[in-house]
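Residue numbers for the sequence shown follow the numbering used here, beginning at 1 and rising by one.
Even for Gly, the Cβ is constructed at its ideal location relative to N, Cα and C.
If you're wondering where the values come from, they're calculated on a predicted model, not measured in any experiment.
Structure first, then comments.
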Amino acid sequence: MGSLEGNGGYGRADYFLVGKDFPSYIECQEKVDEAYRDQKRWTKMSILNTAGSFKFSSDRMIHQYARDIWMIEPVVLP
C-alpha cells in the first residue's frame, strides 16, 4: 500500500500504474458479477471460452516460436 500512496517500493508512487485503469476494472468486475448471477449464461460462457482457448495454448505457441523464430528442434527425452 505504501508504494501506491508515496515513495515506498520503487521510489515513486504507483510505479507500475496499478491505479491507472482501476475505474475500468471496477466497471468490468460489475459486468462479471452480473453474468455470474445468471448461472445458465455463465456456464455457457465458460464452456465456449474453454472450447475456444485451443488457439492460445502455451504449448502450441512455444512450439511455433521454437520452429519459426528460433529454428530449433525439440529434444527427445529418454
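>> Rounded to the nearest angstrom, what separates P23 and D14 at their Cα positions?
In response: 15 Å
> Could you give the residue range of the alpha helix (DSSP H) that holds K31?
Replying inline: F22 to R37
> Roughly how many angstroms separate the alpha carbons of K31 and P74, rounded to a whole number?
Replying inline: 43 Å
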